[in-house]
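Have a look at the structure below, then the notes.
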Amino acid sequence: MNRNKYKYDKNSPQSILEYALKLSGKSLSEATQLPEGITNSRNRGDLGSLVEKYFFEHVPPNDHEPDFKEAGVELKTTGVILKSSSYQAKERLVLTMINYESLVNENWEESTLKKKCQLMLILFYLYSKDVSVVDRKFVKILLYSIPDSDITQIKRDWEAIKQSVLDGKAHELSEGDTFYLGACRKGSGGEKESLRSQPYSTEPAKSRAFSFKQSYLNKILEGLNENKRDIGLSKTLTIAEATQLRFDPFIGKSVEEISKELNYFKKSLTNKGFLKDISNRILSGGDEVLIELEKAGIELKTIRLNKSGKPRESMSFPGFKYLEIINEEWEDSSFFEKIERKFLLIIFQTDEKGSEKLLKAVYWNMPYEDRLEAKRVWEETKRRVAVDSTRLPGITESKVAHVRPKARNGSDKILTPQGDMQIKKCFWLNSSYIAKVISSL
DNA sequence: GCATGATCATGC
DNA sequence: GCATGATCATGC
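For the first sequence, my numbering begins at 66 and goes up steadily by one.
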């Protein structure tokens, strides 16, 4: 009896970790004796509590304390998938629910989030849709505390989320508001989605949780890879501040000057990605993407303005497939996933003499109402594709977004629900909308 | 000048 | 081979 009772020291994070490592390479059902009848669940939410109950034989406190209260360790289980021979996070890691009412009275040091999650035992398991949760193998186990180099940014993210609630805008929160720490949707979606009150507005807000963004989790998984350059100075600066420092020396300079200074030149006259290459090089000094930007899942976009300050082009997003969009939900679409992100806009402008210069680099995320409008265009597209894939929302039909071809050439076509082949298309943000964004910066 | 259609280089 | 970010081309 009490088989596991003395197998680890509840007061010691190290002891808990050592015990947890016995799960390495095994599934819960292999590592412990499970009662009959609980082995069929494919609900990922069940795994954490099952591990706690049957492996650790531990009852977690039912409050805002960490699961292992005495050691201050919070237990997390989360799925990974195998992508080109390395593990990638399947999704964001949910940390703890956001209570809008109490958040506004907290400060970071004594916050619910910090108390609960400053030390986490993260059990990564290999996800497979068809395998029940207790049979999924744990492939990576680690004790994680937020490193000093990330804490400045995470604290800033937490404060940004708190500020939105103070502004009475909890209902407008999106993951693009922040860099590493996100306010992700939590609770049932769709029609019956759970709404909560917020202290400074009568508008009900979707229930949300603090989370590590998927991109941030991927960096944890990589073991904060050594061979990638970081932006430097990040122990005291936020990502936004560090970005500004990188770009400042180049602001106002022409593309030719920048190209010379970086010793990086256009290899082909028709290279459509040259300004993006240049921008990446300003950020990193080389052609690798900065680790901080990857961690934050930032979307870097270049915008070229003509002499009168108007964007020359609309902004494209990944292509969609006619046969897929008709069965997709908005929040599962890649367009949704992209416009929820934080954007780093690198803006170039052609002056009176025809010289194109770097105007500024600025972070931006898409305001709530505009995301709603983009959603409307997406839903309308989905509706039309089911009926007639040839007539999709044009640029005149919305102030925010439209649908247009995005293909290799005129014969780059795919099948539609009507059974014919049509050119590949994608969603675009209207150039007039981009113009409005620029003028509001 | 704009809406719409077409296509390019690149990287994986 | 293909998705992606981006830009070019045409017609009104």
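Ideal Cβ positions, reconstructed from N, Cα and C, are used throughout, including at glycine. None of these values were measured; they are calculated from a predicted model.
For residue i, report the span of its alpha helix (DSSP H) as first-last.
i      : result
Asn430 : That residue, Asn430, is in no alpha helix (DSSP H); its beta strand (DSSP E) goes 421-430.
Asn284 : Rather than Asn, the amino acid found at residue 284 in this sequence is Lys. Counting along the chain, the alpha helix (DSSP H) containing Lys284 begins and ends at 279-286.
Gly374 : Looking at the DSSP string, Gly374 is not in any alpha helix (DSSP H), and its letter there is neither H nor E.
Arg448 : 433-452
Arg311 : 304-312
Leu168 : 165-168
Ile103 : It is not in any alpha helix (DSSP H) - Ile103 carries neither H nor E in the DSSP assignment.
Val320 : 320-327
Glu175 : Looking at the DSSP string, Glu175 is not in any alpha helix (DSSP H), and its letter there is neither H nor E.
Under the three-state reduction of DSSP, which class applies to residue i: helix, strand or coil?
i      : result
Ile488 : strand
Ser262 : strand
Lys332 : coil
His236 : helix
Gly241 : helix
Ala85  : helix
Phe121 : coil
Gly475 : coil
Ala136 : coil
Pro482 : coil
Arg221 : helix
Arg201 : coil
Gly110 : helix
Tyr192 : coil
Ala361 : coil
Lys366 : strand
Leu184 : coil
Thr143 : strand
Arg406 : coil
Tyr73  : coil
Pro78  : helix
Ile412 : strand
Arg346 : helix
Thr461 : helix
Ser505 : helix
Glu268 : strand
Lys337 : coil
Ile226 : helix
Name the two residues that bound the continuous beta strand (DSSP E) containing residue i.
i      : result
Gln153 : 151-154
Val385 : The amino acid at residue 385 is misidentified as Val; the sequence shows Phe. It spans 380-385 - the beta strand (DSSP E) in which Phe385 sits, taken as one unbroken run.
Ile391 : Premise fails: Ile391 is in no beta strand (DSSP E) and is neither H nor E.
Thr161 : 158-162
Val468 : 466-470
Arg250 : 246-250
Leaving out the 5 sequence neighbours to the left and right, which residues in its chain are closer than 7 Å to residue i when beta-carbon positions are compared?
i      : result
Gly384 : Lys471, Lys489, Lys490, Cys491
Ala274 : Val159, Leu160, Thr161, Met162, Ile163, Cys249, Lys251
Ser210 : Gln183, Leu184
Lys386 : Ile479
Ile219 : Ile211, Tyr245, Leu246
Pull up the distance between the alpha-carbon of residue i and that of residue j, whole angstroms please.
i      : j      : result
Asp416 : Gly233 : 41 Å
Gly102 : Val116 : 16 Å
Ile499 : Arg469 : 16 Å
Leu178 : Asn172 : 10 Å
Leu358 : Ile304 : 8 Å
Thr143 : Ile391 : 30 Å
Leu191 : Lys501 : 44 Å
Tyr73  : Ile81  : 6 Å
Lys87  : Leu207 : 12 Å
Lys337 : Tyr433 : 31 Å
Lys447 : Ser476 : 23 Å
Glu175 : Leu409 : 32 Å
Glu394 : Ile404 : 15 Å
Near residue i, what residues of its chain come up, given a Cβ to Cβ distance below 6 Å and the 5 sequence neighbours on each side ignored?
i      : result
Ser151 : none
Glu83  : none
Lys325 : none
Val169 : Val230, Leu231, Pro264
Could you pull out every residue in the same chain whose Cβ sits closer than 8 Å to the Cβ of residue i, ignoring the five residues on either side in sequence?
i      : result
Asp132 : Glu117, His123, Pro125, Pro126, Val138, Glu139, Leu140
Tyr165 : Val230, Ala235, Arg261, Ser262, Gln263, Pro264, Ala270
Lys194 : Arg107
Phe277 : Arg157, Leu158, Leu160, Tyr245, Leu246, Gly247, Ile285
Arg449 : Arg456, Leu457, Pro458
Val442 : Pro458, Glu462, Ser463, Val465, Ala466, His467, Val468, Phe492
Val199 : Ser92, Leu93, Ser94, Leu99, Ile103, Thr104, Ser106, Leu112, Leu115
Leu388 : Ile479, Leu480, Thr481, Pro482
Gln309 : Ala426
Arg370 : Just to set this straight, residue 370 is Leu in the shown sequence, not Arg. Hits under 8 Å: Pro376, Arg377, Ile412, Phe413, Gln414, Thr415, Leu424, Ile503.
Ala96  : Lys87, Leu88, Phe120
Are the segment 332-352 and the segment 455-467 touching by the rule of at least three beta carbon pairs closer than 8 Å? no
On the three-pair Cβ rule with 8 Å, is the segment 279-288 touching the segment 356-363? yes
Three or more C-beta pairs closer than 8 Å, one from the segment 371-388 and one from the segment 491-504: is that the case here? yes
Any chance the segment 299-318 sits against the segment 411-428, with 3 or more Cβ pairs inside 8 Å? yes
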